[in-house]
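Chemist: Just so we're aligned: the sequence shown equals residues 12 to 319 in our numbering. Just so you know, even glycine gets a beta-carbon here, dropped at the ideal spot from N, CA and C. No experiment lies behind these values; they were computed from the predicted model shown. This is the structure I want to talk about, given as structure tokens.
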Amino acid sequence: MSRLGVVVNPTAARGRGARVGAATVARLRARGHTVLDLSAPDAERARASARHAAVEGLDALVVVGGDGMVHLGANVVADTDLPLGVVPAGTGNDLARALGLARGDVDDHVAALERGLAVGPRSIDAVSVGPPEHSAREWYLGVLSCGIDAAVNARANTPTWPRGSARYVRALAGELARFRPYGYRLTLDDVVWESAGTLVAVANAPWFGGGVHIAPGAVLDDGLLDVVVAGPFTRPGVVRIFPGMYAGRHVTHPAVQVFRSRSVLIEPVARLGAEPPHAFADGERLGPLPLRADVHPGAVRVLGGTSA
12 MSRLGVVVNP TAARGRGARV GAATVARLRA RGHTVLDLSA PDAERARASA
62 RHAAVEGLDA LVVVGGDGMV HLGANVVADT DLPLGVVPAG TGNDLARALG
112 LARGDVDDHV AALERGLAVG PRSIDAVSVG PPEHSAREWY LGVLSCGIDA
162 AVNARANTPT WPRGSARYVR ALAGELARFR PYGYRLTLDD VVWESAGTLV
212 AVANAPWFGG GVHIAPGAVL DDGLLDVVVA GPFTRPGVVR IFPGMYAGRH
262 VTHPAVQVFR SRSVLIEPVA RLGAEPPHAF ADGERLGPLP LRADVHPGAV
312 RVLGGTSA
């Protein structure tokens, strides 16, 4: 049997993470696996605990929670041979959806982990991101946002109600009151986009924000980023286009463009608009622009799931 490290977010989905995590650990042990509970009071200590255990020797790292826990796991296993298992127990679960991990009970998820251990993990792309003048990088698997999408993310992270996508809609309504277009320069592989803008999303996966289909064409293992940009919408324009984003219809709007690139440098341009908000990736705060994102093909090995 395998030696597995498990990290649980006990606060995910208002306590559901703790219940699912305890059941997952118990079920894995009942199946004969050696399980190290690497959970900690905060993300930084959990990440450090997982990294220490990885050095000591694991067959896989399993995270239980939402997108934030998958993000934590990716930052432990990226660019290594250590596989990542995911048991979704958050509110949005956008990364689990992209990985093809259907909702189910603990037995279903443990069975999927064991199938992955038996047949071997599949490789997906990961994205490194950080200030262009620094060598330090963060990894993400889903979507980097740095427009009104990021401002809404920041607002949505504060309340505990409502759950899921409804929280994102509520946050958008609150953010629109002070919105004005931001100024950007994006340097991609083959083009430079410089404009006032409303939304910039650098997507490795199709969804964010609890089901917003921001990049319908994004694929986790194609070695490319889908960079979705929207021009300077008015507030009423944002309201009109937002409902269609859940079905991916926004990409047909003439003010929206989708570029494909292996890397992107995102810089603020003050003469073109307001200062863009701090960027987020996988729902986690990264910090202010400028930022450079680079895709790394096959940098993360995942147990189970199917292509989005």
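Where DSSP assigns a beta bridge to His307, which residues make up the other side?
Modeler: Partner(s): Ala137.
Chemist: Exposed or buried, which one is Pro308 when buried takes at least 16 other CB atoms within 10 Å?
Modeler: The residue is exposed, with fewer than 16 neighbouring Cβ atoms inside 10 Å.
Chemist: Less than 8 Å between C-beta atoms, sequence neighbours within five positions excluded: which residues of the same chain meet that for Arg137?
Modeler: Checking the sequence shown, residue 137 turns out to be Ala, not Arg. Closer than 8 Å at the Cβ level, and outside the excluded window around Ala137, lie Ala85, Ala89, Asp90, Trp150, Tyr151, Leu152, Asn215, Val306, His307, Ala310 and Val311.
Chemist: Of the choices Arg133, Phe190, Pro301 and Gly103, whose alpha-carbon is the least far from that of His224?
Modeler: Here the closest residue by C-alpha is Gly103.
Chemist: Please report the distance separating the alpha-carbon of Pro243 from that of Leu187.
Modeler: Rounded to whole angstroms, Pro243 to Leu187 spans 13 Å at the Cα level.
Chemist: What are the residues that DSSP puts in a beta bridge with Phe270?
Modeler: Phe270 is bridged to Val238.
Chemist: So which of Pro247, Ile277, Val121 and Ala65 has the shortest CA-CA distance to Arg40?
Modeler: With distances taken between Cα atoms, Arg40 lies closest to Val121.
Chemist: Below 7 Å CB to CB, which residues in the same chain sit around Gly68 once its five sequence neighbours on both sides are set aside?
Modeler: Arg14.
Chemist: Using the C-alpha atoms, what's the distance from Val97 back to Ala109?
Modeler: Taking the straight line joining both Cα atoms gives about 12 Å.
Chemist: Taking Ala54 as the reference, give the member of Thr35, Asn20 and Gly248 with the closest Cα.
Modeler: The candidate whose alpha carbon is nearest that of Ala54 is Asn20.
Chemist: For Pro99, which of helix, strand or coil comes out of DSSP?
Modeler: In the structure shown, Pro99 sits in a strand (DSSP, three-state: E or B).
Chemist: What does the alpha-carbon distance come out to for the pair Val230 and Ala292?
Modeler: So the alpha carbons of these two residues sit roughly 17 Å apart.
Chemist: From Ala207 to Gly284, what distance separates their C-alpha atoms?
Modeler: Each residue's Cα considered, the two are about 6 Å apart.
Chemist: So what does DSSP say about Glu149, is it helix, strand or coil?
Modeler: Strand at Glu149.
Chemist: Going by DSSP in three states, Ala290 sits in which element: helix, strand or coil?
Modeler: Ala290: strand per DSSP, three-state reduction.
Chemist: Tell me whether the beta-carbon of Leu49 lies closer than 8 Å to the beta-carbon of Ala57.
Modeler: Yes, the pair counts as a contact, with Cβ atoms nearer than the cut-off.
Chemist: Candidates Ala123, Phe190 and Gly79: which alpha carbon is nearest Leu297's?
Modeler: Considering only alpha carbons, the answer is Gly79.
Chemist: Helix, strand or coil: how does DSSP classify Ile225 here?
Modeler: In this structure, Ile225 counts as coil in the three-state DSSP scheme.
Chemist: How many Å lie between Asp92 and Gly28 at the Cα?
Modeler: Taking the straight line joining both Cα atoms gives about 27 Å.
Chemist: I need the boundaries of the alpha helix (DSSP H) containing Ala58, first residue and last residue.
Modeler: For clarity, residue 58 is Arg in the given sequence; the question names Ala instead. Segment Ala54 to Glu67, the alpha helix (DSSP H) holding Arg58.
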